[in-house]
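Take full-length UniProt numbering: the final residue in the sequence shown is number 266, and no numbers are missing along the way.
Note that beta-carbon positions come from the ideal geometry of N, C-alpha and C, so glycine has one too.
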Amino acid sequence: GFGAVYKALDTSTGQQVAIKKMTLQEEMSEELAVNEIVVMRDNRNPNIVTYLDSYLLDGELWLAMEFMDGGTLSDVLGAVYLEEGQIGAVCRECLQGLHFLHSRQVIHRDVKSCNIRVGTDGSVKLADFGLCAQLSPERSKRSSSVGTPSWMAPEVVRGEAYGPKVDVWSLGIVGLEMVEGEAPYQREPRLRVLELIERNGAPKLQNPRHHSALLRDFLRCCLQTDKDRHWSAQELLQHPFVTSGDPASSLAALIVSAKQVQEDWR
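Right, here's the structure in full:
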């Protein structure tokens, strides 16, 4: 996201909170900051990081939100390997958050592993809402090319009109991240990534035979290059790969062990 995140203590409650500090020197950063506050404040859901409060201090905006003690999904992927049932659980939790946002006409537009927060209780929540877009009856599609290249849907890369299902493509890329350990083209320069997405369409699994037919089909449903054939978050919540995923609580041990591995590296 935009801005550094710090761990802090709410002295009135004794609770740990996260503080995101954003410098408001440019108009763009001010717009992103306000966007993030409005989306978090107005869209409360178990799969969305909870907004607590915000403060303006010396040209900096401090955004206080719940502290997720497991870090990000990206941190977890850098430390441990996920089984398919665990991948299904993470996808289900993210899809629940996305379905909620989409039902309220909000597109996240920057779904990726480092914008997904996790807790040592197994909770999985969407975060970093600076690039969110609110759709309206007058404006039911967007066309601005925002997001992080490796996770961008082809229609976003091409500058075409798009709707909430671009988040589903990005979640499909997160699925690939969980399987392969990193997103496709992640090591390539930005312009090269955009060129590869436009030319190649849906990225492929490196070793498809190593994975179940259900996982392969789930990724296929997420990564449809024809935007009219994209599945919605609501439809994907009914996909057998998702419905057969482990319960979220079973992710707790995985997240704790990932945290331990990271601490051992320090």
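- Under the 8 Å Cβ criterion, the region 32-40 counts as touching the region 60-74, having at least three qualifying pairs.
- Around the beta-carbon of histidine 99, 16 or more other beta-carbon atoms lie within 10 Å, marking it buried.
- Inclusion of leucine 191 and valine 157 in the CB contact set at 8 Å is not warranted, their separation being larger than that value.
- Threonine 72 counts as buried, since at least 16 other C-beta atoms from the protein chains shown sit within 10 angstroms of its C-beta.
- Less than 8 Å divides the Cβ of proline 247 from the Cβ of alanine 89.
- In the three-state reduction of the DSSP assignment, serine 244 falls in the coil class.
- When rounded, the separation of the alpha-carbon atoms in threonine 243 and leucine 56 is 43 Å.
- Within its own chain, the residues whose Cβ lies closer than 6 Å to the Cβ of tyrosine 185, once the five positions on either side in sequence are excluded, are Ser150, Val193 and Leu196, listed in chain order.
- By a beta-carbon distance limit of 8 Å, leucine 215 contacts glutamate 84. Their separation comes to about 5 Å.
- For the pair alanine 252 and alanine 18, the Cα-to-Cα distance works out to about 20 Å.
- A direct Cα-to-Cα measurement between methionine 68 and glycine 201 gives close to 34 Å.
- Per DSSP, reduced to three states, the secondary structure at valine 80 is coil, with no helix or strand assignment.
- In this structure, isoleucine 107 sits near proline 164, with a CB-CB distance shorter than 8 Å.
- By a beta-carbon distance limit of 8 Å, serine 170 contacts valine 111. Their separation comes to about 4 Å.
- Relative to the Cα of methionine 22, the nearest Cα in the group Ser250, Glu30 and Leu254 belongs to Glu30.
- Under the DSSP definition of a beta bridge, methionine 22 partners with Leu61.
- Each of Glu198, Gly181 and Met152 was checked against the Cα of leucine 82, and the nearest Cα belongs to Gly181.
- Within its own chain, no residue has a Cβ closer than 6 Å to the Cβ of arginine 220 once the five positions on either side in sequence are excluded.
- With 16 or more other CB atoms across the displayed protein chains lying within 10 angstroms of its CB, alanine 133 is buried.
- Residue pairing of alanine 8 in beta bridges, as defined by DSSP: Val17.
- The beta carbon of valine 174 sits closer than 6 Å to the beta carbons of Ser113 from its chain, once the five residues preceding and following it are set aside; these are given in chain order.
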